[in-house]
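To keep things clear, I will list the structure first and then write my remarks on it.
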Amino acid sequence: MSKTPKTFSPHFFWGAATSAHQVEGGNHNTWSVWELENAKALAARALYQYGDLKSWHHTEKLATNPANYVSGRAVEHYKRYEQDFDLLEQLHMNAFRFSVEWSRIEPTEGAWNVEAIAHYKQYIDDLHARGIEPVMTLFHFTLPVWFADMGGFAKRGNIKYFLRYVEKVMQELSINVRYIITINEPNVYVERSYHAGEWPPNVRSKWQTLVVMNNLARAHNQAARVIHELKPRAKVSVAYHSAYIYAGDDAWLSHMSASIMQFVHDDYFLLKVYKQCDFLGVNYYRSYRVYGYRIHNPEFSHTDLGWDNSPDNIEHALVRLHDKYKLPIFITENGIADARDEQRQEWLEATIRAMLAAITDGVDLLGYLHWSLLDNVELDSGRWPRFGLAQVNYLTMERKLRPSAVWFGKVIKKLRKVDQ
Ligand code: BGC
Numbered sequence: 439m440s441k442t443p444k445t446f447s448p449h450f451f452w453g454a455a456t457s458a459h460q461v462e463g464g465n466h467n468t469w470s471v472w473e474l475e476n477a478k479a480l481a482a483r484a485l486y487q488y489g490d491l492k493s494w495h496h497t498e499k500l501a502t503n504p505a506n507y508v509s510g511r512a513v514e515h516y517k518r519y520e521q522d523f524d525l526l527e528q529l530h531m532n533a534f535r536f537s538v539e540w541s542r543i544e545p546t547e548g549a550w551n552v553e554a555i556a557h558y559k560q561y562i563d564d565l566h567a568r569g570i571e572p573v574m575t576l577f578h579f580t581l582p583v584w585f586a587d588m589g590g591f592a593k594r595g596n597i598k599y600f601l602r603y604v605e606k607v608m609q610e611l612s613i614n615v616r617y618i619i620t621i622n623e624p625n626v627y628v629e630r631s632y633h634a635g636e637w638p639p640n641v642r643s644k645w646q647t648l649v650v651m652n653n654l655a656r657a658h659n660q661a662a663r664v665i666h667e668l669k670p671r672a673k674v675s676v677a678y679h680s681a682y683i684y685a686g687d688d689a690w691l692s693h694m695s696a697s698i699m700q701f702v703h704d705d706y707f708l709l710k711v712y713k714q715c716d717f718l719g720v721n722y723y724r725s726y727r728v729y730g731y732r733i734h735n736p737e738f739s740h741t742d743l744g745w746d747n748s749p750d751n752i753e754h755a756l757v758r759l760h761d762k763y764k765l766p767i768f769i770t771e772n773g774i775a776d777a778r779d780e781q782r783q784e785w786l787e788a789t790i791r792a793m794l795a796a797i798t799d800g801v802d803l804l805g806y807l808h809w810s811l812l813d814n815v816e817l818d819s820g821r822w823p824r825f826g827l828a829q830v831n832y833l834t835m836e837r838k839l840r841p842s843a844v845w846f847g848k849v850i851k852k853l854r855k856v857d858q
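Here the sequence shown is numbered in this note's numbering, starting from 439 and rising by one per residue.
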């Protein structure tokens, strides 16, 4: 039986995503402290990490400069947000994902910063005034230093501090916010911070990895309850970093390994939280092709970070997640590091086609948020990877939509049937 081809619903959310630390500037949190301590080492390792990439000669100068690994004023989104929301309007977007920074809201344990709260209130009101749906993240990789000093999410007893912050944010900021992301990419946070030991607090322990993973699942489930108690109609989820992991040949071993890897990557965590999710927030960047028990991706194209460039595989990821969890899906991040804007438009075209195919296959897709609206601080890779629809000049802070973004804006306008 042939399926009826579907189009995007008129209510589909088209937007972009950011996170506080990566754009705001002037933050004091676990990452800002860590960057100052590690900038030199990060610059020194860049050659070994990225030196083999085709684009290396373009990035070498920035990537080997320690100053590029310190977030500092980032892209001054905290004070320039109105200008950035103008960009959303120029792109005909109707949704925007951002994170509120816990370390600003509660700079010392138990003390609330009324100025920061007032700032985010105004920020959210401004989005509403422009007809843009806010999608608010509560924890996007950065933590207050005091919370980390207490042991962060490695201690189960600390979850109560997170819940108190969640409650405060809900009381102060939730009036106009329907979509709430509790935790961004718990799997990436745990992998990089507690398994690989590359991100703060630089722990390398299988045991701690499991402990933190389980505590994050508890934190999400309990936070979702707090949120629903205060705001029954809120839609809550994590933003999960999913990947599509597939066998490259017919061998039994390749299929077996791919499905084990897929389980470890996605399902081990999602199974613990999906019952406390009203939808599934999915961050999607890459796929992995498995031969035997090894990953060997196609060689034909890479992003500036050396990631596999197969955006169309998002269709399979969406279908798999929808079939398994039976939840509506919101793509809460998707994008490409492409400083010269050579691949972004193709990436977007392929992604839009893949989303349509997934919708046709029955996936209940709520929206698409591109990572990112702006060039920003790419965590331990610093400032050289450029994910922005808008290019940012880091000296003048001037924003300029890239050609792919202008194209994307026109497509959104057409798909949303916007008049002017
Ligand atoms: C994260 C973002 C990050 C992006 C690109 C996601 O893993 O949520 O913070 O900048 O990927 O690497």
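The C-beta atom is built at its ideal place from N, Cα and C for all residues, glycine as well. It should be emphasised that the depicted structure is a prediction, and the values quoted were computed from it without experimental measurement.
Excluding sequence positions up to five before and after R782, its CB lies within less than 6 Å of the CB of I774, D776, S842, all in the same chain and listed in chain order. For Q460, the distance from the CB to the nearest heavy atom of the ligand BGC is below 8 Å. Between the C-alpha atoms of N721 and E475 there is a straight-line separation of about 29 Å.
Distance from the CA atom of A828 to the CA atom of W690, rounded to whole angstroms, is 45 Å. The straight-line gap separating the alpha-carbon atoms of L668 and Y561 is approximately 21 Å. The ligand BGC never approaches E636 closely enough for any of its heavy atoms to be under 8 Å from the residue's Cβ.
Between L581 and G847, the CB-CB gap reaches or exceeds 9 Å. For the options F523, L708, A672, the alpha carbon positioned closest to that of R616 is the one of A672. Taking 3 residues as the shortest admissible run, the stretch 506-567 contains the following complete beta strand (DSSP E) segments, listed from N- to C-terminal end: 533-537. Here the alpha carbon of W494 sits roughly 33 Å from the alpha carbon of T575. It is roughly 11 Å from the alpha-carbon of V830 to the alpha-carbon of D522.
Taking a contact to require three or more Cβ pairs closer than 8 Å, the stretch 477-493 and the stretch 802-812 do not qualify as touching. Distances from the CB of Y488 to the heavy atoms of the ligand BGC are all 8 Å or more. For N467, the shortest separation between its Cβ and any heavy atom of the ligand BGC does not lie below 8 Å.
Between A796 and V849, the beta carbon gap of about 17 Å keeps them out of contact (Cβ cut-off 8 Å).
For the pair L708 and Y763, the CB atoms are nearer than the 9 Å cut-off.
Under DSSP, the beta-bridge partners assigned to N622 are A677. The three-state reading of DSSP puts F585 in helix, counting H, G and I together.
By the neighbour-count criterion, in which 16 or more other beta carbons inside 10 Å mark a residue as buried, F701 falls on the exposed side. Just measuring C-alpha positions, the residue of Y729, G510, K713, P639 sitting nearest V674 is K713. For I797, the uninterrupted alpha helix (DSSP H) segment begins and ends at 782-798. By alpha-carbon distance to D750, the top candidate from I733, Y726, N659 is Y726. Residue state for A777 is assigned as coil, using DSSP reduced to three classes. By the neighbour-count definition (other C-beta atoms within 10 Å, threshold 16), A505 is an exposed residue.
Taking a 10 Å sphere around the C-beta of L525, we find 16 or more other C-beta atoms and assign the residue as buried. As computed with DSSP, D746 is found in a beta bridge with H740. Distances between the C-beta of L743 and the heavy atoms of the ligand BGC include at least one below 8 Å.
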